[in-house]
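K.L.:
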Amino acid sequence: MSISYSACAPYEILIEQERRYCMYAYFNFADANGKTQHRRFTEQHTLLTAYTIDEVIPCLEQVQVYTEQGYYAAGYLSYEAAGAFDPSYVTAEGSKLPLLQFGIYKTFSKEQPESIGEAPIKLNWQPAISKTTYNQAIQTIKEEIAAGNTYQTNYTMRLRTAFAGDSAALFRQMQRAQRADYTAYLSWEDTAILSASPELFFRWDGERIITKPMKGTIKRGLTYTQDLEQRETLAASVKDRAENVMIVDLLRNDISRVAKLGSVHVPALYTIEKYPTVYQMTSTVEAETVPGTTITDIMRALFPCGSITGAPKASTMKVISTLEPEPREVYCGAIGYIETGGEAVFNVPIRTAIVDKAEKQATYSVGGGITWDSTAGGEYEEAIAKSSVLQEQLPDFELLETLAYSSGVFLLEDRHIRRLLQSADYFSIPVKEAAVRKLLYQHQIEHPEQSHRIRLLADQSGQLELFYSEMPALIKNIQYFALAATPIDRKNRYYYHKTTFRKVYEDYKIRKSDVFDTLLWNEAGELTEFTIGNLVIEQDDKLLTPPVTSGLLPGTLREELLEKGTIQEAVLTKADLQTSSRIWLINSVRGWVEMEPVH
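Position 549 (the sequence shown) corresponds to 849 in the working numbering; numbering is contiguous.
#1: In angstroms with no decimal places, state the Cα-to-Cα distance between Arg552 and Ala662.
#2: How far does the alpha helix (DSSP H) with Asp876 in it reach, from first residue to last?
#3: Compute the distance between the beta-carbons of Leu857 and Asn887, then report whether it is under 8 Å.
#4: Which one or two residues does DSSP pair with Pro427 in a beta bridge?
#5: Give the DSSP bridge partners of Asn435, in chain order.
#6: Could you tell me if Pro695 is buried or exposed, where buried requires 16 or more neighbouring beta carbons within 10 angstroms of its beta carbon?
#7: Kindly identify the DSSP beta-bridge partner or partners of Asp817.
#8: For Gly403, tell me which candidate among Asn333, Ile638 and Arg531 has the shortest Cα-Cα distance.
#9: Given 8 Å as the limit, is there contact between the stretch 626-641 and the stretch 358-376, that is, 3 or more CB pairs closer than that?
#10: Note down the Cα distance separating His899 from Asn777, rounded to an integer number of angstroms.
#11: Return yes when the Cβ of Gly668 is within less than 8 Å of the Cβ of Ala683, no when it is not.
#12: Is DSSP giving His449 helix, strand or coil here?
#13: Is it buried or exposed, Asn328, if we count other Cβ atoms within 10 angstroms and call 16 or more buried?
#14: Report the option in Tyr631, Thr675, Arg793 and Leu877 whose CA atom is closest to the CA atom of Asn398.
#15: Around the Cβ of Lys798, are there at least 16 other Cβ atoms within 10 angstroms (buried) or fewer (exposed)?
#16: In three-state terms, what does DSSP make of Ile654?
#17: Helix or strand or just coil, what does DSSP make of Gln580?
#18: Determine the extent of the beta strand (DSSP E) in which Tyr483 is found, giving its start and end residues.
#19: Less than 8 Å between C-beta atoms, sequence neighbours within five positions excluded: which residues of the same chain meet that for Tyr389?
#20: Output the distance between the C-alpha atoms of Ala446 and Asn544, rounded to the nearest integer angstrom.
#21: When the Cβ atoms of the stretch 592-607 are set against those of the stretch 509-518, are three or more pairs found closer than 8 Å?
#22: Run the CB neighbour count on Glu896, radius 10 Å, all protein chains shown included, and call it buried at 16 or more, exposed below.
#23: Does the stretch 484-492 touch the stretch 645-659, meaning 3 or more C-beta pairs lie closer than 8 Å?
#24: Considering only DSSP beta bridges, list what Glu701 is partnered with.
#25: Just the Cα atoms here: how many angstroms apart are Tyr305 and Tyr372?
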């Protein structure tokens, strides 16, 4: 066990410094009521580090002593520390990181760190193994299942990229993309740990312990309707329910080692939780711990979490050690803090990157539970979905609705409100319908006779604002459009929701004096929409508009016309522009604007 005494000053907010024996520790963990709390531990007293299995438990016991003396402890245990709690827990060798590291601190700040490094970081993450190797591992696991050595195995792979940038900025980007309840940033010497984990390992207040194993993942849909379908698919998945209940049973058994007789129960099973890129299936296991239980007892009973091993734990970990060529390190271990008096909260470090500052390299691991019903292709897709937190660039934006208002009437009011509420639900923005209608009604009272163009905005907190301007004059003469030079990416969710994030349109606009607007098209060559309205063409006496699946905003006027049967959906290509007799740009403010291609 290494005990490193230091009088070093605390780090500046999210600014790394090369100060030996100092560990910067920032947490944004949800409390017992689900509200995230910022904790930046300060005034470090010492740093406890375990490099060998024999040092792990003495270090944990020393952590307990310090917290009983009024200090706070914050840090991590690597997955490879498991052997300290049970010799039958076999793990890979060769870990570069300490098996355990906890800073001992005198206090903490609840202030949220300053926002730095806002520029998006784009990295070239590459799998450390081939897809063939991945497929072979899945087949081997199925053979182990057939042999009775495992029922479910959590198999993981590594992604790597060169990285010499600001690890704090990358953490902030991951944190924004995941918006998880258990995020943490640890940094010392030449290492940084960036955890955007949504999974609670355990919360223990000295008497009551809660765990929330997470097993079952599906990627989010692009549209509101597609997203609901994805959620229902996960909720009804027999495979994911089977995986989840296996881990619940394992956790119930683990917790019973430190629980009062008869106190272990499952208050929630198969709960679906929403995150920016995926849906997750979770369950909750609770118990009352026996008097005299220590943090070492808790770790001995639970570590590592069954959701990231599989079941049975010991034999499955042996299978994992033969299939995964490298140690997991802090990934699938535990990151958390212990308060004065012993209350402890730890996450399961999934969605977690490790930055090696000296080697200028970052590693991120992904995995999933493999059962007899698993397919290599399906599991690989799920793993890639879990890595989307690395690529997702979540911009600052507000939801937006633009309405036409005249003499006390909002055109297509209900459609606009419904679209706003659906997007609010999609992005988990707390917008209330009553508040929206109240704001619109107030405008009607104050401006009963006027005509206005209304901009209704909802920010990330659900705060509403209404702005108005003169209603634009109707355009009666033909306007001209140009085709975008390059295709859009129809997998970008921001084409399906009306927001202030206009970059998805502005990047494609043709800016010429004779061009009224730009017509967009996707990577399949399908026409999608104009940058300020939907597309309608007349062809063979039919009025046609592209389907939403081509990659476009479901405009309110478009929806009204579809419902009335005035227009109908059809996949359109550039060739259809040549055979169409007329072309229009439509939206609820401007109505129908006839268009022709610019010459």
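Even glycine gets a Cβ: it sits at the ideal position worked out from N, Cα and C.
P.N.:
Let me spell this out:
#1: Within the sequence shown, residue 552 is the residue found at index 252, counting from 1. Within the sequence shown, residue 662 is the residue found at index 362, counting from 1. Cα to Cα, Arg552 sits roughly 35 Å from Ala662.
#2: For the purposes of this step, residue 876 is taken as residue 576 along the sequence shown, with counting starting at 1. Looking at the DSSP string, the run of the alpha helix (DSSP H) that includes Asp876 is Lys874 to Thr879.
#3: Numbered from 1 along the sequence shown, position 557 holds the residue referred to as residue 857. Numbered from 1 along the sequence shown, position 587 holds the residue referred to as residue 887. Against a cut-off of 8 Å, the Cβ pair of Asn887 and Leu857 comes out as a contact.
#4: Mapped onto the sequence shown, residue 427 falls at position 127. According to DSSP, which records beta bridges pairwise, Pro427 is partnered with Leu459.
#5: Position 135 of the sequence shown, counted from the first residue, corresponds to residue 435. None; Asn435 has no bridge partner.
#6: Residue numbering aside, residue 695 sits at position 395 when the sequence shown is read from its first letter. Exposed, by the Cβ-count rule.
#7: Within the sequence shown, the letter at position 517 stands for residue 817. Asp817 is bridged to Phe781.
#8: Residue mapping note: residue 403 aligns to position 103 of the sequence shown, counting from 1. Gly403 has its Cα closest to that of Ile638, out of Asn333, Ile638 and Arg531.
#9: yes
#10: Mapped onto the sequence shown, residue 899 falls at position 599. Mapped onto the sequence shown, residue 777 falls at position 477. Whole-angstrom Cα-Cα distance: 17 Å.
#11: Along the sequence shown, read from residue 1 onward, the residue named residue 683 stands at position 383. Along the sequence shown, read from residue 1 onward, the residue named residue 668 stands at position 368. Contact flag set, yes.
#12: Taking the first residue of the sequence shown as position 1, residue 449 is located at position 149. Note that residue 449 is Asn in the sequence shown, not His. In the structure shown, Asn449 sits in coil (DSSP, three-state: anything other than H, G, I, E or B).
#13: Position 28 of the sequence shown, counted from the start, is the residue given in the question as residue 328. Answer is buried; the Cβ neighbour count reaches 16.
#14: Along the sequence shown, read from residue 1 onward, the residue named residue 398 stands at position 98. Note that residue 398 is Pro in the sequence shown here, rather than Asn. Considering only alpha carbons, the answer is Tyr631.
#15: Within the sequence shown, numbered from 1, the residue matching residue 798 stands at position 498. Here Lys798 is buried, its C-beta having at least 16 other C-beta atoms within 10 Å.
#16: Residue numbering aside, residue 654 sits at position 354 when the sequence shown is read from its first letter. Ile654: strand per DSSP, three-state reduction.
#17: Here residue 580 refers to the residue found at position 280 when the sequence shown is read from its first residue. Strand at Gln580.
#18: The residue you call residue 483 lines up with position 183 of the sequence shown. In the sequence on display, residue 483 carries Thr and not Tyr. Run containing Thr483: Tyr482 to Trp488, per the beta strand (DSSP E) assignment.
#19: Along the sequence shown, read from residue 1 onward, the residue named residue 389 stands at position 89. Excluding residues within five positions, the ones whose Cβ falls inside 8 Å are Ala382, Gly383, Pro604, Lys613, Ala614 and Met617.
#20: Your numbering for residue 446 matches position 146 in the sequence shown. Your numbering for residue 544 matches position 244 in the sequence shown. Distance between the alpha carbons of Ala446 and Asn544: 20 Å.
#21: With a cut-off of 8 Å, the stretch 509-518 and the stretch 592-607 count as touching, because enough Cβ pairs lie within range.
#22: For the purposes of this step, residue 896 is taken as residue 596 along the sequence shown, with counting starting at 1. Exposed: under 16 other Cβ atoms inside 10 Å.
#23: yes
#24: Your numbering for residue 701 matches position 401 in the sequence shown. Looking at the DSSP assignment, Glu701 forms a beta bridge with Leu756.
#25: One-based indexing of the sequence shown puts residue 305 at position 5. One-based indexing of the sequence shown puts residue 372 at position 72. Because the pLDDT of Tyr305 is 39, which lies under 50, any placement of that residue in the model is unreliable, and the question is left without a value.
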